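Enquirer:
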């Protein structure tokens, strides 16, 4: 195989990886601030993808136009989930939190199975097969648009946390929970907001991912694991780390699909997760604990 | 067994003997459908008990226990198919393989001080890694799976563990009782008290001179070996195994539902939880069938709801409260 095959696969991997990175960013934000490990992350992603498919089918629009409405809807769901269900678990043992979200994941997966059936659903856009040509390089239009949208959403989130007063208050809660309570921050509302921001990332990423592949109810656990792999490789709680690791995982899965067989590509991610957990648990970009 | 029964106060002893009597008689009363449900309940009771050793006793959350069950199934089935080695020889070998896998994962994780969510994810990662790996080994049947020769109805061969549901019912009942006895012995032994100390406060346990690393690895190995036997028996019962069903994350979750709902860290909890969940799940399925609805996913949705409600409102599971209510003592599960 000549080099341009590899170059095209790497570019595809980078673009897909940015969308993965946005999804993982949601997980990272939720963990970094709320200290809750969202074991239902992939299942929420699957729900967002179904909503995108339904929206496109109903109104016949491009899924990318649904990105913001979906993000808003998932924000509301995440906000409600955190303030109603997860918040009372903040003082409970870790495993009780995990199991609560595992239960939420089971309900979402099987709810989707009952509502939509086991068959794969997808969206067709008229530019699905188009690509930009740069000499020997071919860049898929859908991938490029999805990746640019992912970068824009990530930048907006980054700006929100860095620049707005609410974002600053949220970071204060993450840095010092007790201190935040002492200075009178409404921690419960801020945690719910953060959880909502995390699920909003998932909503936006879901609208992009339906362009790259079909959705089935059983996709959830695989996406949850993918998000964990990315977040742990990048360092739990590190926002930039999630995007960088998303690209890294996207490229390594794409190359594994080319060099080995496509069905073995997840093995590379899980292998990477095992190695990072064993030798650098704080992640590639994370600070050591 | 005697020590377990005689150590109990009167009401508990009577309750245990009554339950055992009912379970022994059940296959002669139950029809084929009910018998298959009971086999399933016993399977989850046993495998839940195995997981409970690691999480309930030693406090190490494994979300990838399907790995050990799947290894047990694949090793004993492969030995039977390719080496002609019957289950009585194959099951111990399979248990040793799973115990070694549990010990290696425990060794790696606990040596590097990995705990909490990181340990849980590591166990999922190993199980998923193995699942995809097995899907690409043609010698093991690949993604399509491995099949054992099916025997004709009525055939009973205890040496090769070939027979009908009734045989497997009694095998699983014996395993469940043996696991209950083993867990009782473990829990009241020095090791059990060390585990309890490690679960409740690792730092204090270490300060008292308990070797955290050694006893955590030991819990992982014992739990993995026990889980392995369930996999072997299930392989010979169903005669087919695929990597997705054997090692998948859904399987790992199914394993832990019983102990979580019944009562984490108790002896009766995993058994009670498995019977309650399997019973209610099958009742729901039967109810939907009768009303003419085929709803795939309905029982799993129901399990998710039960898990959510139990975690929220009964954090200790069903058994501790029930035991107190029945006057069966609340000191030990």
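Residue numbers (the numbering used here), protein chains in the order written: chain A, 173 to 461; chain B, -1 to 331. Where is the CB? At the ideal position from N, CA and C, for every residue including glycine. All values derive from a computational prediction rather than experimental measurement.
1. Taking Cβ positions only, does residue 293 of chain B come closer than 8 Å to chain A?
2. Using the Cβ count rule (16 or more neighbours within 10 Å means buried), how would you classify residue 304 of chain A?
3. Determine the chain A residues that contact residue 115 of chain B at a beta-carbon separation under 8 Å, and present them in chain order.
4. Find the nearest neighbour of residue 342 of chain A within the set A:398, A:361 and A:419, judged by alpha-carbon distance.
5. Round the Cβ separation of residue 48 of chain B and residue 276 of chain B to the nearest angstrom and send it over; I've been treating them as touching at under 8 Å.
6. Relative to the C-alpha of residue 440 of chain A, which residue among A:290, A:402, A:299 and A:220 is closest?
7. Quick check: residue 306 of chain B and residue 311 of chain A, are their CB atoms within less than 8 Å of each other?
8. How many angstroms separate the CA atom of residue 143 of chain B from the CA atom of residue 325 of chain A?
9. State the Cα-Cα distance for the pair residue 166 of chain B and residue 320 of chain A, rounded to the nearest angstrom.
10. By DSSP, does residue 266 of chain B sit in helix, in strand, or in coil?
11. Let me see if you follow: with CB-CB separation under 8 Å, is residue 196 of chain B close to chain A or not?
12. Along chain A, which residues have their Cβ under 9 Å away from the Cβ of residue 201 of chain B?
13. With 16 as the cutoff for other CB atoms within 10 Å, does residue 308 of chain A come out buried or exposed?
14. Residues bridged to residue 155 of chain B by DSSP?
15. Using only the alpha-carbon positions, how far apart do residue 197 of chain B and residue 264 of chain B sit?
16. Of the residues B:183, B:63 and B:36, which one's Cα is nearest the Cα of residue 45 of chain B?
17. Do residue 316 of chain B and residue 260 of chain B have their C-beta atoms closer together than 8 Å?
18. Going along chain B, which residues have a C-beta under 8 Å from residue 282 of chain A?
19. Counting Cβ pairs closer than 8 Å, one from the segment 166 to 182 of chain B and one from the segment 214 to 234 of chain B, do we hit at least three?
20. Going straight from the alpha carbon of residue 240 of chain A to that of residue 413 of chain A, what length do you get?
21. If you measure beta-carbon to beta-carbon, which residues of the segment 190 to 220 of chain A are closer than 8 Å to chain B?
22. Got a sec: is the Cβ-Cβ distance from residue 424 of chain A to anything in chain B below 8 Å?
23. Kindly list, in the order they appear in chain A, the residues whose Cβ is closer than 9 Å to that of residue 127 of chain B.
24. Enumerated in chain order, which unbroken segments of the alpha helix (DSSP H) with a length of 4 residues or greater are wholly contained in the segment 367 to 429 of chain A?
25. Between residue 186 of chain A and chain B, is the shortest Cβ-Cβ distance under 8 Å, so that the two count as touching?
26. Is the CB of residue 276 of chain A under 8 Å away from at least one CB in chain B?
27. Is the beta carbon of residue 366 of chain A closer than 8 Å to that of residue 219 of chain A?
28. Identify the residues that DSSP records as bridge partners of residue 312 of chain A: which are they?
29. What does residue 241 of chain A touch in chain B if you count any residue whose Cβ is under 7 Å from its own?
30. Could you work out which residues of chain A lie near residue 257 of chain B, taking near to mean beta carbons separated by less than 7 Å?
31. Is the distance from the Cβ of residue 450 of chain A to the Cβ of residue 405 of chain A below 8 Å?
32. Taking only the alpha-carbon atoms, compute the straight-line gap between residue 334 of chain A and residue 387 of chain A and give it to the nearest angstrom.
Expert: Walking through what the data contain:
1. yes
2. exposed
3. 209, 266 and 270
4. Out of A:398, A:361 and A:419, A:361 has the C-alpha closest to the C-alpha of residue 342 of chain A.
5. At roughly 16 Å, the Cβ-Cβ gap does not stay under 8 Å, so residue 48 of chain B and residue 276 of chain B are not in contact.
6. A:402
7. Taking 8 Å as the Cβ cut-off, residue 306 of chain B and residue 311 of chain A do not qualify as a contacting pair.
8. 43 Å
9. 57 Å
10. coil
11. no
12. Those do not exist, as residue 201 of chain B stays about 16 Å from chain A at its closest Cβ, beyond 9 Å.
13. exposed
14. Beta-bridge analysis with DSSP links residue 155 of chain B to B:160.
15. 14 Å
16. B:63
17. yes
18. 295, 296, 298, 299 and 302
19. Because the criterion of three Cβ pairs below 8 Å is met, the segment 166 to 182 of chain B and the segment 214 to 234 of chain B touch.
20. If you take the alpha carbons of residue 240 of chain A and residue 413 of chain A, they lie about 24 Å apart.
21. 209
22. Judged by the 8 Å Cβ criterion, residue 424 of chain A is not in contact with chain B.
23. 438, 439, 442, 443, 445 and 446, listed in chain order.
24. For the segment 367 to 429 of chain A, whole alpha helix (DSSP H) runs of length 4 or above, ordered along the chain, are 392 to 406.
25. no
26. yes
27. Contact flag unset, no.
28. A:303
29. Chain-order list of chain B residues neighbouring residue 241 of chain A: empty, with the shortest C-beta distance near 27 Å, by a criterion of under 7 Å.
30. The premise fails here: residue 257 of chain B is roughly 11 Å from chain A at the closest Cβ pair, so nothing lies under 7 Å.
31. Against a cut-off of 8 Å, the Cβ pair of residue 405 of chain A and residue 450 of chain A comes out as no contact.
32. 34 Å
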